[in-house]
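Take a look at the structure below.
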Amino acid sequence: MPFSAYYLSAEGDLRRGLDEGELRDAFESRQGLLWVDICDTTEEDGEYLERNFGFHHLAIEDCVSPLVHSPKVDDFGDYLFIIVHGINYTSESDIVQTTELNLFLGPHFVVSAHNVPLYSVGSITKRVEEDGRPMRRGADFLAYAMIDALVDNVMPTIDRMSDIAEGIEEEVIHSPQRSTLEAILKLKRSTLRLHRVMAPQRETLNRLSRGEFPIISEKAHIFYRDIYDHVVRLEDLNQSLRDRADNALATQLSSVANRQNEIMKVLSIVAAIFLPLALLAGIYGMNFENMPELSWQWGYFAVLGFIGAVVVIAMMWFGARKWIKWLTWGRRRVSRLSRPFAVEPEKLIDYIGHIAKLPHL
Amino acid sequence: MPFSAYYLSAEGDLRRGLDEGELRDAFESRQGLLWVDICDTTEEDGEYLERNFGFHHLAIEDCVSPLVHSPKVDDFGDYLFIIVHGINYTSESDIVQTTELNLFLGPHFVVSAHNVPLYSVGSITKRVEEDGRPMRRGADFLAYAMIDALVDNVMPTIDRMSDIAEGIEEEVIHSPQRSTLEAILKLKRSTLRLHRVMAPQRETLNRLSRGEFPIISEKAHIFYRDIYDHVVRLEDLNQSLRDRADNALATQLSSVANRQNEIMKVLSIVAAIFLPLALLAGIYGMNFENMPELSWQWGYFAVLGFIGAVVVIAMMWFGARKWIKWLTWGRRRVSRLSRPFAVEPEKLIDYIGHIAKLPHL
Amino acid sequence: MPFSAYYLSAEGDLRRGLDEGELRDAFESRQGLLWVDICDTTEEDGEYLERNFGFHHLAIEDCVSPLVHSPKVDDFGDYLFIIVHGINYTSESDIVQTTELNLFLGPHFVVSAHNVPLYSVGSITKRVEEDGRPMRRGADFLAYAMIDALVDNVMPTIDRMSDIAEGIEEEVIHSPQRSTLEAILKLKRSTLRLHRVMAPQRETLNRLSRGEFPIISEKAHIFYRDIYDHVVRLEDLNQSLRDRADNALATQLSSVANRQNEIMKVLSIVAAIFLPLALLAGIYGMNFENMPELSWQWGYFAVLGFIGAVVVIAMMWFGARKWIKWLTWGRRRVSRLSRPFAVEPEKLIDYIGHIAKLPHL
Amino acid sequence: MPFSAYYLSAEGDLRRGLDEGELRDAFESRQGLLWVDICDTTEEDGEYLERNFGFHHLAIEDCVSPLVHSPKVDDFGDYLFIIVHGINYTSESDIVQTTELNLFLGPHFVVSAHNVPLYSVGSITKRVEEDGRPMRRGADFLAYAMIDALVDNVMPTIDRMSDIAEGIEEEVIHSPQRSTLEAILKLKRSTLRLHRVMAPQRETLNRLSRGEFPIISEKAHIFYRDIYDHVVRLEDLNQSLRDRADNALATQLSSVANRQNEIMKVLSIVAAIFLPLALLAGIYGMNFENMPELSWQWGYFAVLGFIGAVVVIAMMWFGARKWIKWLTWGRRRVSRLSRPFAVEPEKLIDYIGHIAKLPHL
Amino acid sequence: MPFSAYYLSAEGDLRRGLDEGELRDAFESRQGLLWVDICDTTEEDGEYLERNFGFHHLAIEDCVSPLVHSPKVDDFGDYLFIIVHGINYTSESDIVQTTELNLFLGPHFVVSAHNVPLYSVGSITKRVEEDGRPMRRGADFLAYAMIDALVDNVMPTIDRMSDIAEGIEEEVIHSPQRSTLEAILKLKRSTLRLHRVMAPQRETLNRLSRGEFPIISEKAHIFYRDIYDHVVRLEDLNQSLRDRADNALATQLSSVANRQNEIMKVLSIVAAIFLPLALLAGIYGMNFENMPELSWQWGYFAVLGFIGAVVVIAMMWFGARKWIKWLTWGRRRVSRLSRPFAVEPEKLIDYIGHIAKLPHL
């Protein structure tokens, strides 16, 4: 419901807080630049827009409906209807949420509508309030400024997700836990959501930047192209986060299996050593009357010695099978495959030398 | 077999329950709008359609055959043959089923045929019965109304599936069971089925919305485009459900493996502590005559003390190896990676400040 | 080697069993329709075809070679060389096998060649023998009839595979065995084989149906398009079988891991209860002279009572950790996530009500 | 270095072993067909080619460089530079290696260069030495003959890999071992290598066969198309080997997990039966003075009987839980899902009967 | 900040170390070739470039911003703005890092900017200092030289990664450890990073090589095409490294599972043999008064003999179940599937013989 309206007349005067009549006059003058920003869109806003601007019913429906719509651009001849998405930083969810910004972009007006207050739009509003600068280069540049701010504000989230991925990769190798699994799942779902928004956003900005719509002047193309490049970069980074989450999930399983082997080896060694010895002790604990060894002078000490010898020999045997060594691998750091990408300078110089010799220069 | 026929004459009169002769007259007048809706299509319906409307044999075959056909649109010059799919809510299966709606769309007639009663068609019928409104804008808008209702009615199913995915993700981390596996499999199969229908449906609606067929008037294009957007959104949501099911399956395995580690650690610790001690007790249970320790005054208490000491020391050793701590991790909640996407406001403001400084506005 | 030749003259007479001279005359008359069907193709057949029909060497090589060739259509100007695949029901293998049907299709002749007797061709032959009907609409319709029969006869195999997939999905959750693995592998390989054949077959039929080749008359396009639709459906179903096999493989692993947890829990509980108790009994089985408890009146009964108490307490502790409950989960059926896709009627009606209110109709 | 030169003059005379002058004359006559074949290419060969034929520096660099280059075709106007790959059968590696064949193809000359002797080129050389036949149809046919031989010689390797895949699939189910893993990894890497070569090779041959280059005469197109078809088939088979290797890897894991369940069940049953009984024996081995049962006449026999009864009852209990049956499933062969694709003849006949009834023929 | 400027006048004189005025004159003369190389780009450099060269604000922003930008080429009419990536060998990270090289390429000038010293640019600078040769063929060739050196210098890194992959594959089968997991993760992330850079780099070079931009002369196309081929090769190799990392991850899991089976079998055999025997010894250790066997003369020896016999029989039974053999498989090398791709020469010769017989040559 709350909305603000600005009108920059052809003479460069900035008016604020227009009532419905003024707004209509400004709209129908087909001069200057009219900006209406609606926050927290309702059905009445829809009727208001239809009544005053005559926008197409379906566009207004997309605009006021609380459902999520993919980024897109629809050309209605006199104006474009653009949906772009940004991050909603007021969201309480621990999975990334995106919010829509709906834009009606005509040669002399911009109508922006969103369901939650948007930082990015707020920063533009503030500067318009100050000196009207973002409105002075025309409707296409005003829309550009809003979309650019929206897209750039996704970056801090990507950075945060990247930090989390770093933490997950560390944990997955060195202490895989159930909470790691949860963090991986959340990261993955967040990347999936971002991807679902970024993919059509990329297409939308591509269309906006390549001269398909006359409402966007030729001078603005390179600017829209610049946002397009940013979206591509965001999508790339997001895709790489998704790959890292996938890797982490697969690695967690392997890491847990490794750990289990460690545990099982301890158990097996213990059982293999002590079960037979317990049998031995059990045999000499039997109560048969005729057990000649029992009366031997050194029988007890022979058995003790045998038990001691078995323990020592078993240890050596397991050692020979590298199990004991295995038991300690957790602490060993194999350096053979570490720092993998250091190429020796000499090799590189030789390589470059080879190139320098090529005759084609 | 049961079918209903409506005819809206060029003068705007609505007639119902036409017999075969009237229907033929209406069809041949090439005026007004004739709508025939057939529920539970049989071979006789096929012959009826061929006799009265002269539709192509192959289209009728697709229409009456009980086999499932992918969404498509065939252009027969005078009319289009369209197959679209919706959800059949009367189905007893716990895997999502879709049902076909077959449409013959001409400039002055619509023939719709389906094997089960469809909610979406029913709602249109009801409103036609009331005031004939859905028929007043022409054949292409009547077809639009039916397809739109059909597509929109997929949404509650997607919502239900989304709830289930939420439940599965919870269960998979906190209590992975066999029934979770079953639920994952069913969810996955449902998304696969929906996908197989939605992908060609999207293509079909794309073709209907871009002016390829003159039977669909230019004014209707944006409306078909709107359904197209809905199908794209449904497919996106469905795809994301499928990704979530895949993740859940991979996570279940990891989660079960984690749980097994827990169990194995308990077992290993128990065995490693008590097997050696049992051997000790066994040794002093041997019946050798010459066992000097047996007659020692404090021998028994020394052994008891030793056993107690071993238990304590073993506990400490396992503690040092962090196993005991591990045993309890199930209850610990590591908060380091939680709430992952909260970006500190200051950081965001700085970031926006940086943007505001950019000279290009 | 065995082959049959039919000639339907321009006057509508059907001749059978033509010798080489007659066949040549018929071929060179460029009238009527000549059909030669060769079963179990050999090198001599190749020479025969080259001598009498002058087909291109490479086409004949593909035709007589025992190697498998992908479906394709080659345009030699005067005639088309078409390879399509069907199921060989005489095959003994338990992995789906496809067989080639090679067709030379000219304006006035069809030459079909295959290495094994084909049901589909057989059914056409039989009807030609009866009344010549499949030949009366021309060469392109004869070829259509054969390809259509071939493609439709893949359906029973898909149905059979679908039954098997159902069985596998059941087994994978409730009793995963080694033979289940084998069945999955075989199903997967069968779907892969079908896919390798269906993908180019789809492309081949697409080309045949879109008017690329003048030998196929315009009237026949819609018929070829119909086969194309069938191939698309078969490929869809096959793809879904493949997805189900993949899911089953991943689920089997998870299911086996779940089962192992069950087993390990039994083992761990048994060990954790009885190993310490055995130590206790062992302690009182030691033969030290000075063991005051041994002479206590109620020592034995105290120990017995302690053992009983430990068993009871341990059971309760494991119960508290939900392990005992776990042990029984195999039989429990969690109904929370079952019947997942039933949407409550009221919800649906509301939803439809919402649609009905939309002003655009 | 070693090279052979052949010149077939316009009159049909074949000359061998040309010196540099003769070769130059032949090249500059722009008549007949000159073929130079260089084996084991060196830098000097590069200079030789640049001096005598004036080929572009970059093409020569690709030709003499020991690095691997992807299959491609470069059009230099007067001549084409083609790289195709075949199998090097002299390679010692147990992973499939491919070798390059570099071809310079002009209207009146072919220069072929390769780093190792190639069987396929050798067979052409031999026939040229005999009667010059492969050179008589022109440069494009000579190049065709070499590429065709090269591509066809990949087939025996694919056959060998297919045998290995068969062996792996057998082993993976019935005796999964570490060496099976190794074989899978090697097979997978071989298919990946082949794929990396076959994919661009397919594109290269597609371009050569579709009339893009005037140096390749129209008559030769169908022949190049034929090689293209072979490459497509090879790639299909290779892709299917890769799928089988992937399946085998996933199955190995499941199979090993199944096997582990078997082992764990044996262990659990043994522990669950004998640990409690050992406790019982331990109890009656205690040395308390007041243990009334010890003096009972039949106490010992009662205990013996109890132990026997427990073993029998435990067996029955595990049997009831189907574990004993499980223990034996390794040998059982469940036939329910075997021979999966046999369709009963009656069903097929009915199905065909249904088709035959269709009115459209 | 540090930058070097070279000017090769139209007369062929090379001047170095130009001040701002000279540089401006050189730039505005629109003759000869001006090269400015900026290392460690700062905001001031951006202003400098805008002031003296008048480059577009957005291009300069991309150039000076410390964020990573994907490879791309923007056409500003008078000049191209190109971003390409190479490896930064001074990086300390053990995951592959790439660095940007920003190029402004006009008909008579090249401005290169990078944030760290680049080996590849350094080698060009050195040769320009010597004799100016890389500048003598024009701006497009100078840019080519830099991009070529940059791309070729990625090769040593790929070689190093390939060595690591080799080591990982060895370790994964013969001694899978936690550090192997870490190495796999790092290798995978490195390949992902390279891929993200190489994919757009490939597209960028494709555009530069196909004559889209008139600033790049026709003579230079084949040279840019050559870099394009190198990028394709690098991407292929990188993709194959990624596949190998994926395989290694999957194999590690299987390998660890195999190893665990080994361990579990040892444990199970030990338990199955010694637990029952310990029960036996325990039985005869009971203190019942009436245990007739105890007074038998040979009772003790019978029990001893029975224990020995059980051990022997158990060993044989496990042998019959192939477990003992299994225990040793670690050392066995199954040769059946090794050296998989050796095709017997005779088979190959026959195959070639078959080809030679084909009549089409």
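Protein chains in written order, with our numbering: chain H, 133 to 493; chain E, 133 to 493; chain G, 133 to 493; chain F, 133 to 493; chain S, 133 to 493.
By construction, the Cβ of each residue, glycine as well, lies at the ideal position given by its N, Cα and C atoms.
DSSP places V243/S inside the beta strand (DSSP E), whose first and last residues are 241-246.
Note on geometry: alpha-carbon atoms of Y416/F and F420/S lie some 7 angstroms from one another. The C-beta distance from L381/E to A382/G rounds to 5 angstroms, short enough to fall under 8 angstroms. In this structure, DSSP gives N422/F a state outside helix and strand, which the three-state scheme calls coil. For the segment 330-353 of chain H, no residue has a beta-carbon sitting nearer than 8 angstroms to a beta-carbon of chain S. Between L324/H and the set A275/E, R374/E, I359/E, the nearest pair of CA atoms involves R374/E. Within the segment 427-447 of chain S, the residues whose Cβ lies closer than 9 angstroms to any Cβ of chain H are, in chain order, S427, W428, Q429, W430, G431, Y432, F433, V435, L436, I439. Taking the Cα positions, T257/G is about 14 angstroms away from L165/G.
A Cβ-Cβ contact shorter than 9 angstroms links R328/S with Q371/H. Q392/G has a beta carbon lying within less than 9 angstroms of a beta carbon in chain F. Listed along the chain, the chain S residues whose CB falls inside 7 angstroms of the CB of Q384/F are S386.
Chain order gives no chain F residues near F187/S, where near means a beta carbon separation below 9 angstroms; the closest approach is about 32 angstroms. If you compare the alpha carbons of I305/E, S252/E, E298/E with that of N285/E, the shortest gap goes to S252/E. Taking a Cβ-Cβ cut-off of 7 angstroms, N422/F has no neighbours in chain S, whose nearest Cβ is about 12 angstroms from it.
Nearest in C-alpha terms to E160/F, of all of G238/F, A441/F, M287/F, is G238/F. Taking 9 angstroms as the threshold, the shortest C-beta distance from I192/G to chain F does not fall below it. Just measuring C-alpha positions, the residue of G153/S, A275/S, M267/S, V283/S sitting nearest V363/S is V283/S. The segment 305-325 of chain S and the segment 387-398 of chain H touch, with no fewer than 3 CB-CB distances between them shorter than 8 angstroms. For S244/S, not one C-beta of chain H is nearer than 9 angstroms to its own C-beta. The straight-line gap separating the alpha-carbon atoms of T231/E and S294/G is approximately 19 angstroms.
V242/S and S349/S have their C-alpha atoms some 15 angstroms from each other. T336/E counts as buried, since no fewer than 16 other beta carbons sit within 10 angstroms of its beta carbon. As for any beta strand (DSSP E) of minimum length 3 sitting wholly inside the segment 335-386 of chain H, there is none. By the neighbour-count criterion, in which a residue is buried when 16 or more other Cβ atoms sit within 10 angstroms of its Cβ, K397/E is buried. In the DSSP assignment, G254/S falls within the unbroken alpha helix (DSSP H) covering 251-263. Burial is judged here by how many other beta carbons sit within 10 angstroms of a residue's own beta carbon; V444/E has fewer than 16 and is exposed. Excluding its 5 nearest sequence neighbours in each direction, T289/F has C-beta neighbours in its own chain below 7 angstroms: I219, V228, listed in chain order. For the 9 angstroms CB-CB criterion, R268/S and G149/S do not form a contact. In this structure, DSSP gives Y432/H a helical state, which the three-state scheme calls helix.
Taking the Cα of R376/F as reference, the smallest distance to any Cα among L190/G, P346/G, E314/G is reached at E314/G. A Cβ-Cβ distance of about 18 angstroms is found for the pair L407/H and V435/S, leaving them out of contact under the 8 angstroms criterion. Residue-level contact by beta carbon holds for V402/S and chain H, with a gap shorter than 9 angstroms. Residues H240 of the same chain have their beta carbon placed closer than 7 angstroms to that of R162/G, with the five preceding and five following residues left out of the count.
Contact between A245/E and D177/E holds: CB atoms are separated by about 7 angstroms, below the 8 angstroms threshold.
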